[in-house]
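Below is one structure; the comments refer to it alone.
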C-alpha cells in the first residue's frame, strides 16, 4: 500500500516535470535515470519500467569528437549535441538495467529484456534483448514459451501470506517435476 502511494506521488511529480506518463504505469526506477531532459520522454499506459532502467535523451559525443579534431564548433555559446525524444508505447515492459538511447520508439505490446541497450526502434508486439537489442521472438511466441512456467499467484495484501503462498506453489511445482 505504501509503495503504491509512493509510486503515485512519484508519477505525479514526473508528470509535473513534463514527462507524459499514461495511466496504470509502474515506474520502479530512480528519478535520476530519466536524465537531464525528462520532458523528451513519453511513456504510455499499462507499462512497467523496472529498476535501473535509464533513458538517455542526448548524446554529447559529437562535441567530444569535434574537440579532438580541433574543430570546436561552439557558436554563440551553443554546442553541438544529438538530442531526441524517447517514446514507450502502451503495454510495454522494460527489464532491469536496460538503457534506452536517444530517438528510440518502443512499439505497443513489446518487452525489452533485462540489461538490453536499445539503439533502434522496437516494432509492435516483440521481445528484444541484448547489446545492441535485437528481436528475440514475437509476444505470441514468448507467451507460448513461458506458458508452462507461468504460475497463478494469489494477490495477498499481507507480505508474509504472499511469501508463504508463493513458496507453497513453488514447492508443489518442484515436487511434480521430481515425480
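Numbering (my numbering), first residue to last: 1185 to 1363.
Even glycine gets a Cβ: it sits at the ideal position worked out from N, Cα and C.
Bear in mind that the values here come from a model prediction, so they are computed numbers and not experimental data.
| Asked | Found |
| --- | --- |
| In terms of alpha-carbon separation, which member of 1229, 1284, 1294 lies closest to residue 1269? | 1284 |
| Thinking C-alpha only, which one of 1234, 1228, 1207 is nearest residue 1214? | 1234 |
| Taking residue 1357 and residue 1337 to be in contact with their CB atoms under 8 Å, please state how far apart those CB atoms are, rounded to whole angstroms. | Not quite, the Cβ-Cβ distance comes to about 12 Å (not below 8 Å), so this is no contact. |
| Around the Cβ of residue 1354, are there at least 16 other Cβ atoms within 10 angstroms (buried) or fewer (exposed)? | exposed |
| Pick from 1325, 1276, 1272: whose alpha carbon is nearest that of residue 1286? | 1272 |
| Can you tell me whether DSSP reads residue 1347 as helix, strand or coil? | helix |
| Taking Cβ positions, are residue 1227 and residue 1239 nearer each other than 7 Å? | no |
| Looking at residue 1298: is its Cβ nearer than 7 Å to the Cβ of residue 1310? | no |
| Indicate whether residue 1219 and residue 1280 have their beta-carbon atoms separated by less than 7 Å. | no |
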